[in-house]
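Q: Just dropping this structure here.
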Amino acid sequence: MKRVLVTGGSGFIGRNVVAALSATCEVAAPGSAALNLLDAEATRTYLRAGRFDAIVHAATWDATPASTKDRSLTLQNNLQMFFNVARCADSFGRMIHYGSGAEYAKTAMPPFVTEDHFGQALPQNDYGLSKYLQSLHVERAEKLCNLRLFGVFGPHEDWRIRFISNVLCKALFDLPITIRQDTVFDYLDVADLAAITGWFLENEPTHTVYNVCTGRGVRLSAIARMALEISGKDLPIEIFEGGLGRDYSGDNTRLLSDIGDFPFRDLRTSMDNLYRWYIEHQHQIDRDVLAAAR
1 MKRVLVTGGS GFIGRNVVAA LSATCEVAAP GSAALNLLDA EATRTYLRAG
51 RFDAIVHAAT WDATPASTKD RSLTLQNNLQ MFFNVARCAD SFGRMIHYGS
101 GAEYAKTAMP PFVTEDHFGQ ALPQNDYGLS KYLQSLHVER AEKLCNLRLF
151 GVFGPHEDWR IRFISNVLCK ALFDLPITIR QDTVFDYLDV ADLAAITGWF
201 LENEPTHTVY NVCTGRGVRL SAIARMALEI SGKDLPIEIF EGGLGRDYSG
251 DNTRLLSDIG DFPFRDLRTS MDNLYRWYIE HQHQIDRDVL AAAR
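In terms of UniProt numbering, the sequence shown opens at residue 1 and continues consecutively.
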């Protein structure tokens with residue numbers, strides 16, 4: 001049984017990946033008290049003692065507007081956490097790093113962007129720039145693989161700011177659904193991400209960087225209408241800005257050439273399952289905070 005360390009195991013993606021991998025792997029997901037990734041020597045000591053077969057690096061200093069984290073530290077802390085782990089490559093088998101479509105620079109990326117587009121533009125925000133610099137290192141390093149994520153959704157994500165959870169929760173609480181501007185996103189069920197991560201733990205990839213996405217784009221307005229159909233509600237959908245924003249979608253040809261004909265979950269079915277999950281967990285949602293989220 002493989003010994004796997006998942007960093008950021010208490011976050012949305014990490015929490016779901018830990019649950020999925022635990023069925024087939026011995027998974028460690030220490031909190032920051034046990035493993036402070038910002039402490040270089042503590043990280044080295046922990047990794048040397050753990051001798052993990054693989055590391056799934058899901059930790060990120062993603063200081064969103066809904067977060068209490070210091071946004072001015074996004075670039076510094078993301079790089080510090082990443083390199084404190086990556087520099088210890090002699091202490092683990094391989095490292096799977098969760099990158100981001102933001103590496104392509106959202107303001108300049110074409111629809112269904114391919115991996116070859118990387119480097120054509122420099123991200124203009126600290127989060128995207130941190131992921132960009134991490135990706136540059138992965139391309140030149142041994143043992144590392146970068147899975148570039150676009151829109152990932154599922155249980156435990158932040159319903160205040162993550163679109164699919166936000167619209168499902170607003171439908172659940174009979175609140176108007178709001179969209180800043182309609183655009184096309186490529187959304188991946190976090191359960192599919194966990195399964196794809198499992199493939200990379202068990203197989204040798206032919207590349208160092210992959211777009212991990214469905215390869216299918218869908219408008220946010222269509223997702224909002226889906227949420228109303230799933231909930232059986234008749235609620236207004238408010239779009240604040242006209243026109244269509246820039247696509248946030250990826251080409252997954254390289255991924256499928258390695259893993260084969262992957263059975264991506266149907267978006268409608270995944271949203272229906274997530275809606276039922278929120279019905280069971282609605283006591284965790286503050287309706288007033290939800291109503292104020294736009």
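A virtual CB, placed ideally from N, CA and C, is assigned to each residue, including glycine.
According to DSSP, which residues form a beta bridge with Asn211?
A: Position 211 of the sequence shown, counted from the start, is the residue given in the question as residue 211. Beta-bridge pairing links Asn211 to Arg148.
Q: Distance check for Leu38 and Phe82, CA to CA, integer angstroms please.
A: Here residue 82 refers to the residue found at position 82 of the sequence shown. Here residue 38 refers to the residue found at position 38 of the sequence shown. A direct Cα-Cα distance of roughly 9 angstroms separates Phe82 from Leu38.
Q: Taking Ala40 as the reference, give the member of Asp286, Lys170, Arg87 and Tyr132 with the closest Cα.
A: Residue 40 sits at position 40 when you count from the first residue of the sequence shown. Nearest of Asp286, Lys170, Arg87 and Tyr132 to Ala40, Cα basis: Arg87.
Q: Drop a sphere of 10 angstroms on the beta-carbon of Ile279, count the other beta-carbons inside from all chains shown, and report buried for 16 or more, exposed for fewer.
A: For this step, residue 279 is matched to residue 279 along the sequence shown. Looking at its Cβ environment, which holds fewer than 16 other Cβ atoms inside 10 Å, Ile279 is exposed.
Q: Could you check whether the region 73-82 touches the region 170-188, counting it as contact only if at least three pairs of C-beta atoms, one from each stretch, sit closer than 8 angstroms?
A: no
Q: Would you mind reading off the limits of the beta strand (DSSP E) that contains Thr7?
A: Locating residue 7 in the sequence shown gives position 7, where the first residue counts as 1. It spans Arg3 to Thr7 - the beta strand (DSSP E) in which Thr7 sits, taken as one unbroken run.
Q: Out of Tyr187, Val6, Lys170 and Trp159, state which residue places its alpha-carbon closest to the alpha-carbon of Ala34.
A: Indexing the sequence shown from 1 puts residue 34 at position 34. Considering only alpha carbons, the answer is Val6.
Q: Assuming Tyr210 contacts Leu149 under a Cβ cut-off of 8 angstroms, what Cβ separation, rounded to an integer in Å, is found between them?
A: Position 210 of the sequence shown, counting from 1, holds the residue named residue 210. Position 149 of the sequence shown, counting from 1, holds the residue named residue 149. With 8 angstroms as the limit, Tyr210 and Leu149 do not qualify as a contact, their Cβ atoms being about 10 angstroms apart.
Q: Whole angstroms is fine: what's the gap from Gly135's alpha carbon to Ala195's?
A: Along the sequence shown, one-based indexing puts residue 135 at 135. Along the sequence shown, one-based indexing puts residue 195 at 195. The sequence as given places Ser at residue 135; Gly does not occur at that position. Approximately 22 angstroms between the Cα atoms of the pair.
Q: Determine, using beta-carbon pairs with one atom in the region 245-252 and one in the region 207-227, whether at least three such pairs fall under 8 angstroms.
A: yes
Q: From what residue to what residue does the beta strand (DSSP E) around Ile237 run?
A: Looking up residue 237 in the sequence shown gives position 237. Residues Ile237 to Glu241.
Q: Would you mind working out which of Leu220, Ser231, Ile230 and Thr114 sits nearest Phe240, comparing C-alpha positions?
A: The residue labelled residue 240 in the question sits at position 240 within the sequence shown. It is Leu220 whose Cα lies nearest to the Cα of Phe240.
Q: Could you compute how far the alpha carbon of Gln124 sits from the alpha carbon of Met1?
A: Against the sequence shown, residue 124 aligns to sequence position 124. Against the sequence shown, residue 1 aligns to sequence position 1. In a straight line, the C-alpha of Gln124 is about 42 angstroms away from that of Met1.
Q: Express the C-alpha separation of Arg15 and Asp62 in angstroms, rounding to a whole number.
A: The count along the sequence shown starts at 1 and reaches residue 62 at position 62. The count along the sequence shown starts at 1 and reaches residue 15 at position 15. So the alpha carbons of these two residues sit roughly 16 angstroms apart.
Q: Please classify Ala105: does DSSP put it in a helix, a strand, or coil?
A: As a first step, residue 105 must be located in the sequence shown, where it is residue number 105. In the structure shown, Ala105 sits in coil (DSSP, three-state: anything other than H, G, I, E or B).
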